[in-house]
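Residue numbering for the sequence shown follows this note's numbering, starting at 172 and increasing by one per position. Encoded as structure tokens, the structure appears first; notes follow it.
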Amino acid sequence: MKKLLVSTLTNSGLFLISVAIRLSGDGKLLARILQKVLVTTSKVKFRLGSAMKFTVIGADDGSRGIQVSDGNIVLLAAGTRRYFSGGNYRFQGEELEDRLRRLGRTRIDTFLDIGANCGELAIWFAQPRFHCRVAAVEPVRETLELLRANIALQSFPMDNITVFACAVTGTNGSIRITSGHGSQNSVVARKWRSSTETVESVSLATLLERCRFDAVSFLKIDIEGAEPMLADDLAKALPALDVAMIEFSDKNAISEYLKIVDAFTTPSGEWRVRTNSNFDVELDIPAFRSLYAQGRIPADDVWFYRNAA
172 MKKLLVSTLT NSGLFLISVA IRLSGDGKLL ARILQKVLVT TSKVKFRLGS AMKFTVIGAD
232 DGSRGIQVSD GNIVLLAAGT RRYFSGGNYR FQGEELEDRL RRLGRTRIDT FLDIGANCGE
292 LAIWFAQPRF HCRVAAVEPV RETLELLRAN IALQSFPMDN ITVFACAVTG TNGSIRITSG
352 HGSQNSVVAR KWRSSTETVE SVSLATLLER CRFDAVSFLK IDIEGAEPML ADDLAKALPA
412 LDVAMIEFSD KNAISEYLKI VDAFTTPSGE WRVRTNSNFD VELDIPAFRS LYAQGRIPAD
472 DVWFYRNAA
């Protein structure tokens, strides 16, 4: 761990003078390592947000450094740039855990993270206190390297997290995806950039077989406009799902995202919907479909969950 951390930080060009990090166990060793790392950069920020349960240490462009959460999670700054923006952000894993609790989900046995990016959420739910099996899915080579590096940095056991290097598109085969755009890489880019790579593509059913998940407590899908490609797969997988958070973005048409809504439309009507920006409001599927089709619900992360009643 020491060699990986020092090498990564040295190559990034981060200048650390001193760091106050509250960690326990092996994390104390990590803090001592950080205090001894010396490289160069002209702009350095040390930020501790009063309402944020993490400390961010690094350059203000978000391309360097690390962040340490109160949950003893360490992440390289690349891929988590919002924490350097000056906004008063909560650690995203903590926020999702809180929302799951509000839905009555206090136990998450399995977490399937499709579009895992740097691994922030996958690592959060891989913490020992969850007793959760985690599958992190990420197709882009550069992002995969960051994801695996972040997993290697943790001070707690990570044998309950499995990384799958593929794109989930509804079909088995291969597909072209943009690269070099961090968390914004997509298989449905409106205009192909010069930098692309070809990756394996799989259906959701194939992925579930590889994960060996009989049921999915929490499914997250954030694949930059390609979410509607999984609509048919989602309809078939409904018996295995409990809660799904799916990004409805402006990178695809409303008519395409309505296919996902229709996938959760069942005769028994047991599925309910909330959105990230208006989480206090619960809607049934027909009400949400009507509002979204009219453009009255903006692009957002949409939560589908079984009615507990």
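We put the CB at the ideal spot given by N, CA and C, even for glycine. Keep in mind it's a predicted model, so treat the numbers as computed, not measured.
Inspect the beta-carbon positions of ILE394 and VAL339 and report whether they are closer than 8 Å.
Indexing the sequence shown from 1 puts residue 394 at position 223. Indexing the sequence shown from 1 puts residue 339 at position 168. The answer is yes: Cβ separation under 8 Å.
Alpha carbon of TYR428 to alpha carbon of ARG304, nearest angstrom
Your numbering for residue 428 matches position 257 in the sequence shown. Your numbering for residue 304 matches position 133 in the sequence shown. Each residue's alpha carbon lies about 29 Å from the other.
What span of residues does the alpha helix (DSSP H) with ILE294 cover, start to end?
Residue 294 sits at position 123 when you count from the first residue of the sequence shown. That run of the alpha helix (DSSP H) goes 291 to 296.
Excluding the 5 residues preceding and the 5 following ILE167 in the sequence, name in chain order all residues of the same chain whose CB lies nearer than 6 Å to its CB.
Residue 167 is absent from the structure shown; the chain starts at 172 and stops at 480.
Going by C-alpha to C-alpha distance, which of ALA307, PRO299 and TRP474 sits closest to LEU412?
Indexing the sequence shown from 1 puts residue 412 at position 241. Minimum Cα distance to LEU412 is reached at TRP474.
Determine whether the beta carbon atoms of ASN447 and ASP472 lie at a separation below 8 Å.
Stepping through the sequence shown from its first residue, residue 447 is reached at position 276. Stepping through the sequence shown from its first residue, residue 472 is reached at position 301. Going by C-beta atoms, ASN447 is nearer than 8 Å to ASP472.
Return the chain-ordered list of same chain residues with a C-beta closer than 6 Å to the C-beta of LYS407, the five sequence neighbours on each side being excluded.
Translated into positions along the sequence shown, residue 407 becomes position 236. Excluding positions up to five away in sequence, the list is empty.
Round the Cβ separation of LEU271 and PHE384 to the nearest angstrom and send it over; I've been treating them as touching at under 8 Å.
Within the sequence shown, numbered from 1, the residue matching residue 271 stands at position 100. Within the sequence shown, numbered from 1, the residue matching residue 384 stands at position 213. No, LEU271 and PHE384 are not in contact; Cβ-Cβ is about 17 Å, not under 8 Å.
Residues near CYS337 by beta carbon distance below 7 Å, same chain, minus five either side:
In the sequence shown, the residue the question calls residue 337 occupies position 166. The residues are VAL308, PRO310, VAL370, GLU371, SER372 and VAL373.
Which of helix, strand or coil does DSSP assign to VAL210?
Taking the sequence shown and counting its residues from 1, the one referred to as residue 210 is at position 39. With a pLDDT of only 30 at VAL210, under 50, the local geometry of the prediction cannot be trusted, and the value read off the model is given with reservation. DSSP places VAL210 in coil when its eight states are reduced to three.
Considering only C-alpha positions, which residue in the set THR281, CYS289 and ASN288 is nearest to PHE296?
The residue given as residue 296 occupies position 125 in the sequence shown. If we check each option's Cα against that of PHE296, THR281 comes out closest.
Taking LEU401 as the reference, which of THR377, ALA287 and PRO457 has the closest Cα?
Here residue 401 corresponds to residue number 230 of the sequence shown, with the count starting at 1. Per the Cα distances, THR377.
For LYS430, name the three-state secondary structure that DSSP assigns.
Taking the first residue of the sequence shown as position 1, residue 430 is located at position 259. Three-state DSSP puts LYS430 in a helix.
Rounded C-alpha distance that separates ASP433 from GLY466:
The residue you call residue 433 lines up with position 262 of the sequence shown. The residue you call residue 466 lines up with position 295 of the sequence shown. Their backbone Cα atoms lie some 16 Å apart in a straight line.
Skipping 5 residues on each side, what residues in its chain have a beta carbon closer than 8 Å to that of VAL414?
Translated into the one-based positions of the sequence shown, residue 414 becomes position 243. Excluding residues within five positions, the ones whose Cβ falls inside 8 Å are LEU271, LEU274, ARG276, SER388, PHE389, LEU390, TRP474, PHE475, TYR476 and ARG477.
Here's the rule: buried if 16 or more other CB atoms are within 10 angstroms of the residue's CB, otherwise exposed. What is ALA287?
Walking along the sequence shown from the start, residue 287 turns up at place 116. ALA287 is buried by the Cβ-count criterion.
Could you check what DSSP says for LEU412 in three-state terms: helix, strand or coil?
Here residue 412 refers to the residue found at position 241 when the sequence shown is read from its first residue. Three-state DSSP puts LEU412 in a strand.
If ASN321 and LEU246 are in contact, beta carbons under 8 Å, what's the gap, nearest whole angstrom?
Mapped onto the sequence shown, residue 321 falls at position 150. Mapped onto the sequence shown, residue 246 falls at position 75. Rounded, the Cβ-Cβ distance is 5 Å, consistent with contact.
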